[in-house]
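K.L.:
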Amino acid sequence: MTLIRVEHVDKSFASRHGSISIMQDISFEVKDSDFVAIVGPSGCGKSTLLRLIQGLDHPTAGTISFRDQKIDTVCPQMAMVFQSFALYPWLTVAQNVAFGLEALGWAPERIESQVERYISVTGLDGFQEAYPRELSGGMRQRVGLARALAVEPAVLLMDEPFSALDPLTAESLREEVLQLWRDPQLPPDAVLLVSHNIEEAIQLADRVVVLSRRPGHILAQVEVDLPRPRDRKSSAFYDLTDRVYSLITEGGSAMASKTRPEGAPSAG
Amino acid sequence: MPAGTSGRFRRAASYVTRGVRTGVSRLSTPLVQLAAITVRPACRPSARRQAVIYHLSLGTILVLVWLMLIAIIVAVYTVFSGTILPSVRAQMLMLPLAVGFSISRLVIAYAICLAIALPLAILMARGPRARRVGLPIVEVVASFPATALFPVIIFELVPYISAEGAAILMLMTGMIWYLFFNLLSGIRSIPPDLEEAARSFGLKGRKLLRRVLVPGVFTALITGSITAFGGGWNTLIVAEYLNVGSGQSLSVLGVGQLIDIGYAEHADGGYPLMVAALFALIATVIVINELIWKPLYRRAVERYRYD
Amino acid sequence: MPTTFPKCNPTEMMGLLVLLNSHKGSEDVALLADDLDLEIDEIFPALEFAEVLQLVKVADGRATFTDLGKKLVGGSIRDRKAIIRDQLRKTTLFKTLLRALESAPEHTLSDEDLGQIVSLTTAPADEAVQNIVNWGRYADLFRYDADEHRLVLTRRSPAARAGPGQSRPPSSPGNSEGGSPSGAKAAPPAPSSTELRTSIVATATS
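Protein chains in written order, with our numbering: chain F, 1 to 268; chain C, 1 to 307; chain W, 1 to 206.
1. Spatial neighbours of L97 (chain C) within its chain, please: C-beta separation below 6 Å, excluding the five flanking residues on both sides.
2. Output, in sequence order along the chain, the residues in the stretch 10 to 37 of chain W whose CB is closer than 7 Å to any CB in chain F.
3. For D206 (chain F), does the three-state DSSP call read helix, strand or coil?
4. Kindly indicate which three-state DSSP category Y241 (chain C) falls into: helix, strand or coil?
5. Check for me: the alpha helix (DSSP H) holding T249 (chain F) runs from which residue to which?
6. Taking only runs of the beta strand (DSSP E) that begin and end inside the stretch 46 to 128 of chain W, which ones reach a length of at least 3 residues, in chain order?
7. When DSSP labels each residue in this structure, what does M1 (chain F) get in the three-state scheme?
8. With a cut-off of 8 Å on the beta carbons, I'd call A150 (chain F) and L194 (chain C) a contact; round off their distance for me.
9. Does the count of Cβ pairs from the stretch 52 to 62 of chain W and the stretch 94 to 113 of chain F closer than 8 Å reach three?
10. Within 10 angstroms of the Cβ of Q83 (chain F), are there 16 or more other Cβ atoms? Answer buried if so, exposed if not.
11. For the 8 Å Cβ check, are there 3 or more pairs between the stretch 124 to 141 of chain F and the stretch 55 to 65 of chain F?
12. Report all residues from its chain with a CB closer than 8 Å to the CB of G216 (chain F); omit the five preceding and five following residues, and keep chain order.
13. Hey, quick one: how far does the alpha helix (DSSP H) through G335 (chain F) stretch, first residue to last?
14. I want to verify the contact list: residues of chain B whose CB lies under 8 Å from the CB of F127 (chain F), in sequence order.
15. Per DSSP, which residues does R143 (chain W) bridge with? Please list them.
16. Quick check: what's the CA-CA separation for L281 (chain C) versus V99 (chain C)?
17. Please list the partners that F66 (chain F) has in chain C, where partner means a Cβ-to-Cβ separation under 7 Å.
18. Using the Cβ count rule (16 or more neighbours within 10 Å means buried), how would you classify L370 (chain C)?
19. Give the DSSP bridge partners of V191 (chain F), in chain order.
20. Which of the three DSSP states is assigned to F13 (chain F) in this structure?
21. With DSSP as the reference, label S167 (chain W) as helix, strand or coil.
22. So, at 6 Å on beta carbons, what are the nonlocal neighbours of Q257 (chain C) in its own chain, with the 5 sequence-adjacent residues on each side left out?
23. Below 8 Å on the Cβ atoms is my guess for V81 (chain F) versus M158 (chain F); work out the distance and round it to an integer in Å.
24. Taking Cβ positions only, does L56 (chain F) come closer than 7 Å to chain C?
25. Enumerate in chain order the residues of its own chain whose CB-to-CB distance from R174 (chain F) is below 8 Å, with the five nearest sequence positions on each side excluded.
26. By how many angstroms is the C-alpha of R299 (chain C) removed from the C-alpha of F101 (chain C)?
27. Between the C-alpha atoms of P45 (chain W) and P10 (chain W), what's the straight-line distance to the nearest angstrom?
28. Check the Cβ-Cβ distances between A46 (chain W) and every residue of chain F, and say whether any is below 7 Å.
29. Tell me which residue opens and which closes the beta strand (DSSP E) that A61 (chain F) is part of.
30. Verify whether the separation of the beta carbon atoms of A190 (chain F) and V30 (chain F) is less than 7 Å.
31. I226 (chain C) and W293 (chain C) look like a contact to me (Cβ under 8 Å); what is the Cβ gap, rounded to whole Å?
32. Among all the DSSP beta bridges, which residues are the ones paired with L194 (chain C)?
33. In angstroms with no decimal places, state the Cα-to-Cα distance between L219 (chain F) and E112 (chain W).
34. Please state whether DSSP places L165 (chain F) in a helix, a strand or coil.
35. Below 7 Å between beta carbons: does that hold for N182 (chain C) and T223 (chain C)?
36. At least one CB of chain C closer than 7 Å to the CB of H17 (chain F): is that the case?
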């Protein structure tokens, strides 16, 4: 079933020079069990789009609905994970994970058991009383993940969650997110990931929504049909990355890209 | 361990220092915990009750310790300066009470300043328009020498708000801007993703302020409060005793007042009073620094820093 | 059993294992590094650590999973912790550390004691302590109290404390402390600091 429906969404900001259009006519869906990635050149509005979907901001035109209900305020069935982790330094790991539950008004005993569960699920056992500054980047993002999962969202929204991590740590966390998503007994049902890293998007997602440069519109939605774990060196993987690169470069903007290994045909 | 007297002395000194340090940290921990509890979200009511009881008993102990300290100062001075005039002696015995009054005045002035400065800082921090209009005004007002206002306050306002009210008002002028500017910069330096994360979990309005903004400005609040109180102690001497001309004076009981009286009557043997009051002031400031400000600041640095 | 403790945290090592897994369990070290656009010496600490924990074998510039490594990478996030916990217990450093914690009063060690123990084994200096504390916390072998600056042993059920090399019974989710009949085992009398030091030296050199 369709969880999120984005229909003909425009977003523009008012400024001294008149209004600036960030994105135009964005339409796509996120269904149950989907893993969707949104990629595009910087400034194309992908992070803004995520915030519109969560309900932190409102589209200038068009509608966004969750389970066929229009989103006016922040949607509690979605939870976000941030690039900069956004952990509260004065709270312990356990208290940070409890944050969303307290905001929802859960009773303290229920919060305690829920927090225990998601700390265990995300591998944070042993760090309950630690403070964020004692943790490495990877552990901090795990806390962000546990905090988001603890409210048991239907959709997990991720805003460049691995960009601030070193490559090995990012690799580890990517795999863990996949594990958690695939587990039918754990939230979330679907994941919506924003990334500037095309390889990462293709490695993780079933569908990649490719945005153009500003004003962002959808260039294409690329299906990724490869079995997991995906081999970045396989020709099928190369083809997909090439396809997305060409879409973006033809859409007219250079984008930070990984150097392609020798032998792979260059784009455009 | 080095042998001989120097070694033994060094060892003794280190024991004493360690003892004092542990004692100070043991005394100050409950205060710090209380401060921490007020900024932490869901806390069990039993822990809060415990903290209040602890704090009250600690407060009593602190008052007694400090009374003893004042008494010692006075006694030492009596011993070294020979006779003191009976009127002056009476005032010296009032010293502890005077210090208590001064502290209360400072606390009241501080509380009012906080009640004004915090909302003002929030308004200016979050509203670019408010900032553009309001900040220049505030900066001009803040640069105005407050003491120039004092004659106005005395002659126009005392009939309405009494000498006590006037003293507090004057103290406020010396405290509020330290608080305001620290709070303003503190609020603006809270990382925006912290607020965004809170919003994404559904927090807004007062809950958002309490969970994110209040703990977020903790460090700025502490530094602002330290400097505000510093400004307050400075202003005391002027605010508590006013020479209104033709040998007349208007004053309220306080350590600033006693310093001024001591000075004014120094020819008549008021000198010991002035010195004793000065010592009392210094001792009080040091005690407050060690037991309140320093531990709070340490806590702010340990726990509330954005890394 | 080597006791070098390369500077690498649990997530980094996991990342390396996941990477190796996506290369079907065996790969040239240079190609592994290249996949993530890294230099070889950037993945070396993680590789070394994985070797110390017997999860990976490196030979002729090629890294291959051991059976245990394969098992780990195929397990859930919780299962992986359990395997890492068992493997850490086998290292001399953690054996020493845990024995010291067991015999310490209240099963806690201050920062200074911890530093002393670490320096008595062959582990490298200072920042290594932070690394070691991190691993121990990750494996839920002990907790670290940042307020009191000390290490606290995590109590386990007697069966789990049977010692390294023996398989642990399947652990329940909240398996850290509480519930275990720790009272059943008579606590050893708290040793004096000189006894503690002697015992540390003894285990370190054993």
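Virtual Cβ for every residue (Gly too), placed ideally from N, Cα, C.
P.N.:
Let me lay it out:
1. Here the question's residue 97 (chain C) lines up with position 97 in the second sequence. Nothing meets the Cβ criterion.
2. Hits within the stretch, in order: T11, E12, M14, G15, L16, V18, L19, N21, S22, D35, L36 and D37.
3. Within the first sequence, residue 206 (chain F) is the residue found at index 206, counting from 1. Coil, per DSSP.
4. On the second sequence, position 241 is the one that residue 241 (chain C) refers to. It is a strand residue.
5. The sequence position of residue 249 (chain F) within the first sequence is 249, counting from 1. Run containing T249 (chain F): S235 to E250, per the alpha helix (DSSP H) assignment.
6. 56 to 59, 62 to 65 and 108 to 110
7. Residue numbering aside, residue 1 (chain F) sits at position 1 when the first sequence is read from its first letter. Note: M1 (chain F) maps to coil in three-state DSSP.
8. Indexing the first sequence from 1 puts residue 150 (chain F) at position 150. Indexing the second sequence from 1 puts residue 194 (chain C) at position 194. Actually they are not in contact, since the Cβ atoms of A150 (chain F) and L194 (chain C) sit about 18 Å apart, beyond 8 Å.
9. no
10. Taking the first sequence and counting its residues from 1, one reaches residue 83 (chain F) at position 83. Buried is the call here.
11. no
12. Position 216 of the first sequence holds residue 216 (chain F). So the list reads I22, M23, Q24, I26, G40, C44, G45, K46 and L49, once near-sequence residues are dropped.
13. The requested residue 335 (chain F) is not part of the displayed model; chain F covers only 1 to 268.
14. Although the question refers to chain B, the structure presented lacks it and instead comprises the protein chains F, C and W.
15. Reading the third sequence from its first residue, position 143 is the one you call residue 143 (chain W). Per DSSP, W:V152.
16. Here the question's residue 281 (chain C) lines up with position 281 in the second sequence. Here the question's residue 99 (chain C) lines up with position 99 in the second sequence. Taking the straight line from one Cα to the other gives about 7 Å.
17. Residue 66 (chain F) sits at position 66 when you count from the first residue of the first sequence. In chain order: nothing, as chain C lies at least about 14 Å away.
18. Outside the modelled stretch of chain C, which goes from 1 to 307, sits residue 370 (chain C), for which no answer is possible.
19. On the first sequence, position 191 is the one that residue 191 (chain F) refers to. Looking at the DSSP assignment, V191 (chain F) forms a beta bridge with F:F35 and F:L156.
20. Residue 13 (chain F) sits at position 13 when you count from the first residue of the first sequence. Note: F13 (chain F) maps to strand in three-state DSSP.
21. Residue 167 (chain W) sits at position 167 when you count from the first residue of the third sequence. Residue placement at S167 (chain W) cannot be trusted, given a pLDDT of 38 that sits under 50; what the coordinates show is reported in the next sentence. Coil.
22. The count along the second sequence starts at 1 and reaches residue 257 (chain C) at position 257. The answer, listed in chain order, is E240, Y241 and S251.
23. Taking the first sequence and counting its residues from 1, the one referred to as residue 81 (chain F) is at position 81. Taking the first sequence and counting its residues from 1, the one referred to as residue 158 (chain F) is at position 158. V81 (chain F) to M158 (chain F), Cβ: 5 Å. Contact.
24. For the purposes of this step, residue 56 (chain F) is taken as residue 56 along the first sequence, with counting starting at 1. Chain C, which has a Cβ nearer than 7 Å to the Cβ of L56 (chain F), makes this yes.
25. Residue numbering aside, residue 174 (chain F) sits at position 174 when the first sequence is read from its first letter. Only F162, E200, Q203 and L204 meet the Cβ criterion.
26. Here residue 101 (chain C) corresponds to residue number 101 of the second sequence, with the count starting at 1. Here residue 299 (chain C) corresponds to residue number 299 of the second sequence, with the count starting at 1. Going by C-alpha positions, F101 (chain C) is about 29 Å away from R299 (chain C).
27. As a working note, residue 45 (chain W) is residue 45 in the third sequence. As a working note, residue 10 (chain W) is residue 10 in the third sequence. Using only the alpha carbons, I get a separation of about 11 Å.
28. In the third sequence, the residue the question calls residue 46 (chain W) occupies position 46. Proximity of A46 (chain W) to chain F, defined by a Cβ-Cβ separation below 7 Å, is satisfied.
29. Residue mapping note: residue 61 (chain F) aligns to position 61 of the first sequence, counting from 1. Residues A61 to F66.
30. Looking up residue 190 (chain F) in the first sequence gives position 190. Looking up residue 30 (chain F) in the first sequence gives position 30. Yes, the Cβ-Cβ distance between A190 (chain F) and V30 (chain F) is below 7 Å.
31. Taking the first residue of the second sequence as 1, we reach residue 226 (chain C) at position 226. Taking the first residue of the second sequence as 1, we reach residue 293 (chain C) at position 293. The C-beta distance from I226 (chain C) to W293 (chain C) rounds to 5 Å, short enough to meet the 8 Å contact threshold.
32. Here the question's residue 194 (chain C) lines up with position 194 in the second sequence. DSSP lists no partner for L194 (chain C).
33. Taking the first sequence and counting its residues from 1, the one referred to as residue 219 (chain F) is at position 219. Taking the third sequence and counting its residues from 1, the one referred to as residue 112 (chain W) is at position 112. Whole-angstrom Cα-Cα distance: 60 Å.
34. Translated into positions along the first sequence, residue 165 (chain F) becomes position 165. Note: L165 (chain F) maps to coil in three-state DSSP.
35. The residue labelled residue 182 (chain C) in the question sits at position 182 within the second sequence. The residue labelled residue 223 (chain C) in the question sits at position 223 within the second sequence. Yes, the Cβ-Cβ distance between N182 (chain C) and T223 (chain C) is below 7 Å.
36. The residue given as residue 17 (chain F) occupies position 17 in the first sequence. No, H17 (chain F) does not count as interfacial toward chain C.
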